[in-house]
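Protein chains: 2
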Amino acid sequence: MSLLVVGSVAFDAIETPFGKTDKIIGGAATYIALSSSYFTHKVNLVAVVGGDFPKADIMMLEAHNIDTQGLQIKENEKSFFWSGRYNNDMNSRDTLVTELNVLADFDPVIPEAYQDCDYLMLGNLAPKVQSTVIQRLKKRPKLVVMDTMNFWMDIAMNDLMETLAMVDVLSINDEEARQLSKEYSLVKAAKKILEMGPKVLIIKKGEHGALLFNKHQVFFAPALPLEEVFDPTGAGDTFAGGFIGYIASTNDISFENMKRALIYGSAQASFCVEKFGVERLVNLSQNELNDRVQEFVELVQFEINLKN
Amino acid sequence: MSLLVVGSVAFDAIETPFGKTDKIIGGAATYIALSSSYFTHKVNLVAVVGGDFPKADIMMLEAHNIDTQGLQIKENEKSFFWSGRYNNDMNSRDTLVTELNVLADFDPVIPEAYQDCDYLMLGNLAPKVQSTVIQRLKKRPKLVVMDTMNFWMDIAMNDLMETLAMVDVLSINDEEARQLSKEYSLVKAAKKILEMGPKVLIIKKGEHGALLFNKHQVFFAPALPLEEVFDPTGAGDTFAGGFIGYIASTNDISFENMKRALIYGSAQASFCVEKFGVERLVNLSQNELNDRVQEFVELVQFEINLKN
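Here it is, written out as structure tokens:
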């Protein structure tokens, strides 16, 4: 089934204890689209870049069967740029530079050929832009998944609440869930957030895995314990891309299938952090993915016959 | 199979955001023995208390089939006392009072009737006391599990290393694993620690679950997402008690069975935090435990047929 991915396509410059990069390709939609491309071969991209964005990177996306006719190129402007430095524990980072550039007045135009999309993944963007995308689709997709961040809770809470009411699945991290719900307990936070519109909530806990909630069920996917986390940039978006990509490929939005999607998303994220930026995501094989998913199975599966 | 539990039996005074207690029964061996008593009915206790320790609490332990002939009572001395205050996030706490009292010169005497024990759980104590217990057993148990803490890494590292070389399973938390190994990555930490003696390592991550490592395998047991954590005191010991109690009851020290034991330990810990001190542990039913374990099954089990 076809998947529409909307979000940032950008430049990142990253420093970790292992080294630093110059400007490399980044952005939520980049990670989401690349990650989902390993599951579904109809990935449509809506995003905006400046004239400084390399044609080679666009061709790399197209080589992954990502349709880029929805990628606006503003020749006389500059691409969104983010630069950050990770601390030694890799769990916290400082933002060094944020230049919105073309993203400041991003108008998400949906090409006619994308109008029949079955699945929609809204990467982190201004909530108003996210809701505009939903409004511009003539047919509502089977499932709308959105990601957001604390920044929008700080400066655009009303817009965020309006957008939340329009989506099916929200994906945020634990601190964001606490901020959005004003509850410390993630179980209580989930209950409150599921009253705001989404029928399903994903709470990402980084190296501690991810929780999937609906009103009656909860599922937990671990993160794979890794020897080395090289660069966490994009791991959350890669996770979301694996999640929605797997769902689009199976065309099954049941909670049972979302559990599997969460495991595939976690597997993709475990690849992402092995190298800088999208480097590891660009060259994955089906065998590598299968082996990684098998590691997740072995990590958490057990057999218990309950005594009565 | 019979289980010998050695550790502190003590008084705690606890403050959490939900309230505070006077002196109530606490201590590592108390939590371990109570928790394990739901699995195996031959729990033998070696510990020391002062004359101030209530007979009613000893009778409560005996009512759980815990043999207390190894519980030394020093009539003219005072029991070990710890007092602490949890912060609002319940993940960190400040120690307000530590009075070693009878624990300062604890000589772990093993009653003759305990000499045939099949399993040994060494709760957190001075490493020298822990190794003394192993030396005083005429027959080596099938499995020796030990818990310890950062305090002993700070002041008795040589003793700790000697004791580590004598045990089969070490149970510590993530920060302790990092301190002991000088590695931030828990996978790297586990590799180093498994060179120190233990064949199996459990790394407890509190609300983020627990990892089980041997040299070739890793298993992850989640913590149950809870609406409310009322009092985390003793959760790690309760976890260890469920772990060793389940292994003793099944008399199976395979890695596969340890996975199940980790789930049972996690289930027991999830009860422990629901009330102050041992209150919830004192009155558990087999049905409650089965239902809780079923929640763990539903929390992490998924079915994936890998594509080739």
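Line by line, the protein sequences give chains A and B. Heads up, the first sequence is in the working numbering, so the first residue is 349 and it goes up one at a time. Heads up, the second sequence is in the working numbering, so the first residue is 349 and it goes up one at a time. Where a beta carbon is used, it is the ideal one built from N, C-alpha and C, also for glycine. Just so it is clear, the structure is predicted and the values come from calculations on it, not from any experiment.
Exercise for the section: At 9 Å on the CB atoms, spell out the chain B contacts of Tyr532/A, in chain order. Expected result: As a working note, residue 532/A is residue 184 in the first sequence. Correct list: Asn436, Asp437 and Met438.
Exercise for the section: Write down the C-beta distance between Phe650/B and Lys547/A rounded to the nearest angstrom, noting that I regard them as a contact closer than 8 Å. Expected result: The sequence position of residue 650/B within the second sequence is 302, counting from 1. The sequence position of residue 547/A within the first sequence is 199, counting from 1. Between Lys547/A and Phe650/B the Cβ distance is about 19 Å, and since that is not below 8 Å, they are no contact.
Exercise for the section: Mark Gly584/B as exposed unless 16 or more other C-beta atoms lie within 10 angstroms of its C-beta, in which case mark it buried. Expected result: One-based indexing of the second sequence puts residue 584/B at position 236. Classification for Gly584/B: buried.
Exercise for the section: Return the Cβ separation of Lys390/B and Leu419/B in integer angstroms, given the expectation that the two are a contact with Cβ distance under 8 Å. Expected result: By one-based count along the second sequence, residue 390/B stands at place 42. By one-based count along the second sequence, residue 419/B stands at place 71. Not really, about 16 Å apart at Cβ, beyond 8 Å.
Handout entry: is_contact[Asn638/A, chain B] using C-beta, thresh 8 Å
Key = One-based indexing of the first sequence puts residue 638/A at position 290. Yes, because at least one Cβ of chain B sits closer than 8 Å to the Cβ of Asn638/A.
Problem - Listed by chain order, chain B residues near Arg608/A by CB distance under 7 Å - result: Residue mapping note: residue 608/A aligns to position 260 of the first sequence, counting from 1. Going along chain B in sequence order, the residues near Arg608/A (Cβ under 7 Å) are Phe650 and Ile652.
Exercise for the section: Buried or exposed for Glu524/A, please, with buried defined as at least 16 other CB atoms from any protein chain shown within 10 angstroms of its CB. Expected result: What you label residue 524/A is simply residue 176 of the first sequence in a count that begins at 1. Buried, since its Cβ has 16 or more Cβ neighbours within 10 Å.
Exercise for the section: Spell out a yes or no on whether the segment 410-427 of chain B and the segment 355-373 of chain B are touching, meaning 3 or more CB-CB pairs, one atom from each, closer than 8 Å. Expected result: Short answer: they touch.
Problem - From Arg484/B, Glu531/B, Lys552/B and Ala571/B, residue whose alpha carbon lies closest to that of Val517/B - result: Within the second sequence, the letter at position 169 stands for residue 517/B. Out of Arg484/B, Glu531/B, Lys552/B and Ala571/B, Lys552/B has the C-alpha closest to the C-alpha of Val517/B.
Handout entry: Closest residue to Asp400/A among Lys422/A, Met407/A and Asp415/A (Cα-Cα distance)
Key = The residue given as residue 400/A occupies position 52 in the first sequence. Comparing Cα-Cα distances from Asp400/A to each of Lys422/A, Met407/A and Asp415/A, the minimum goes to Lys422/A.
Practice task
Please classify Gly367/A: is it buried, with 16 or more other beta-carbons within 10 angstroms of its beta-carbon, or exposed?
Solution key: Taking the first sequence and counting its residues from 1, the one referred to as residue 367/A is at position 19. Around the CB of Gly367/A, fewer than 16 other CB atoms lie within 10 Å, so the residue is classed as exposed.
Handout entry: Neighbour flag for His412/B against chain C, beta carbons, 8 Å
Key = Note that chain C does not occur in the displayed structure, where the protein chains are A and B.
Exercise for the section: For the alpha helix (DSSP H) holding Ala588/A, just list the boundary residues, first then last. Expected result: The count along the first sequence starts at 1 and reaches residue 588/A at position 240. Ala588/A -> alpha helix (DSSP H) spans Ala583 to Thr598.
Problem - Which of helix, strand or coil DSSP assigns to Ser614/B - result: Locating residue 614/B in the second sequence gives position 266, counting from the first residue. Ser614/B: helix per DSSP, three-state reduction.
Handout entry: Contact set for Ser597/B: own chain, Cβ-Cβ below 8 Å, skip 5 residues either direction
Key = Start at 1 with the first residue of the second sequence, and residue 597/B comes out as number 249. Cβ within range, chain order: Met349, Phe387 and Thr388.
Practice task
For Leu574/A, decide whether its Cβ has a neighbour in chain B, counting only Cβ atoms nearer than 8 Å.
Solution key: In the first sequence, counting from the first residue as 1, residue 574/A sits at position 226. For Leu574/A, the answer is yes, since a Cβ of chain B falls inside 8 Å of its Cβ.
Problem - Residue burial classification, His556/A (beta-carbon count within 10 angstroms, cutoff 16) - result: Start at 1 with the first residue of the first sequence, and residue 556/A comes out as number 208. By the neighbour-count rule (16 or more Cβ atoms within 10 Å), His556/A is buried.
Problem - Below-8 Å beta-carbon distance, Pro546/B vs any chain A residue - result: If you number the second sequence from 1, residue 546/B lands on position 198. Pro546/B does not count as touching chain A.
Handout entry: Val397/B (DSSP reduced to helix, strand or coil)
Key = For this step, residue 397/B is matched to residue 49 along the second sequence. Strand, per DSSP.
Practice task
Round the Cβ separation of Ala376/A and Asp495/A to the nearest angstrom and send it over; I've been treating them as touching at under 8 Å.
Solution key: Working through the first sequence from its first residue, we reach residue 376/A at position 28. Working through the first sequence from its first residue, we reach residue 495/A at position 147. That pair is a contact at about 7 Å.
Practice task
Please report the Cβ distance between Gly545/B and Ser383/B, rounded to the nearest whole angstrom; I am assuming they are in contact, meaning their Cβ atoms lie under 8 Å.
Solution key: For the purposes of this step, residue 545/B is taken as the residue at position 197 of the second sequence. For the purposes of this step, residue 383/B is taken as the residue at position 35 of the second sequence. The pair is not a contact, with the Cβ atoms about 25 Å apart (cut-off 8 Å).
Practice task
Select from Tyr532/B, Val493/B, Met497/B and Met505/B the residue whose C-alpha is nearest the C-alpha of Met514/B.
Solution key: For the purposes of this step, residue 514/B is identified with residue 166 of the second sequence, where counting begins at 1. Measuring from the Cα of Met514/B, the nearest candidate turns out to be Val493/B.
Problem - Cβ shell of Lys371/A (< 6 Å), same chain only, five flanking positions each side left out - result: Here residue 371/A is taken as the residue at index 23 of the first sequence, counted from 1. Counting only Cβ-Cβ distances below 6 Å, and skipping sequence neighbours, we find Phe359 and Ala361.
Exercise for the section: Determine the direct distance from the alpha carbon of Thr443/A to that of Ile503/A, and round the result to whole angstroms. Expected result: In the first sequence, the residue the question calls residue 503/A occupies position 155. In the first sequence, the residue the question calls residue 443/A occupies position 95. Each residue's alpha carbon lies about 18 Å from the other.
Exercise for the section: Compare the C-alpha of Met469/B against each of Arg628/B, Glu627/B, Lys490/B and Val641/B and name the closest. Expected result: For the purposes of this step, residue 469/B is identified with residue 121 of the second sequence, where counting begins at 1. Closest option to Met469/B, Cα to Cα, is Lys490/B.
Handout entry: For Asn521/B, the first and last residue of its enclosing beta strand (DSSP E)
Key = Within the second sequence, numbered from 1, the residue matching residue 521/B stands at position 173. Unbroken beta strand (DSSP E) run through Asn521/B: Val517 to Asn521.
Practice task
Report the residue from Val396/A, Val354/A and Thr364/A whose alpha carbon sits nearest the alpha carbon of Ile380/A.
Solution key: As a position in the first sequence, residue 380/A is number 32, starting the count at 1. Here the closest residue by C-alpha is Val354/A.
Exercise for the section: Starting from the Cα of Gly613/A, find the closest Cα among Asn631/A, Pro459/A, Gly589/A and Met407/A and give me that residue. Expected result: As a position in the first sequence, residue 613/A is number 265, starting the count at 1. Comparing Cα-Cα distances from Gly613/A to each of Asn631/A, Pro459/A, Gly589/A and Met407/A, the minimum goes to Gly589/A.
Practice task
For Asn392/B, count neighbouring C-beta atoms within 10 Å of its own C-beta (all shown protein chains included) and say buried if the count is 16 or more, exposed if not.
Solution key: Translated into the one-based positions of the second sequence, residue 392/B becomes position 44. With 16 or more other Cβ atoms within 10 Å, it is buried.
Exercise for the section: Take Gln463/A and list the residues in its own chain whose beta-carbon comes closer than 8 Å to its own, dropping the five residues that flank it on each side. Expected result: Residue numbering aside, residue 463/A sits at position 115 when the first sequence is read from its first letter. The answer, listed in chain order, is Leu485, Lys486 and Lys487.
Exercise for the section: Look at the Cβ atom of Glu576/B, then the Cβ atom of Ser533/A, and state whether they are nearer than 8 Å. Expected result: Mapped onto the second sequence, residue 576/B falls at position 228. Mapped onto the first sequence, residue 533/A falls at position 185. Yes, Cβ-Cβ distance for Glu576/B and Ser533/A is below 8 Å.
Handout entry: Gly432/A - partner residues in DSSP beta bridges
Key = For the purposes of this step, residue 432/A is taken as residue 84 along the first sequence, with counting starting at 1. Gly432/A is bridged to Ile362/A and Thr443/A.
Exercise for the section: Reducing DSSP to helix, strand and coil, say where Met544/A ends up. Expected result: For the purposes of this step, residue 544/A is taken as residue 196 along the first sequence, with counting starting at 1. DSSP places Met544/A in coil when its eight states are reduced to three.
Exercise for the section: Report the residues of the segment 559-592 of chain A with a CB closer than 7 Å to any CB of chain B, ordered along the chain. Expected result: Leu559, Val566, Phe567, Phe568, Pro570, Pro573, Leu574, Glu575 and Glu576
Handout entry: Cutoff 8 Å: Ile611/A Cβ touching any chain B Cβ
Key = Indexing the first sequence from 1 puts residue 611/A at position 263. True, the Cβ-Cβ gap to chain B drops below 8 Å.
Problem - Boundaries of the alpha helix (DSSP H) in which Leu559/A is found, first to last residue - result: Here residue 559/A refers to the residue found at position 211 of the first sequence. First-last for Leu559/A: Ala558 to Phe561, but that is the beta strand (DSSP E), not the alpha helix (DSSP H).
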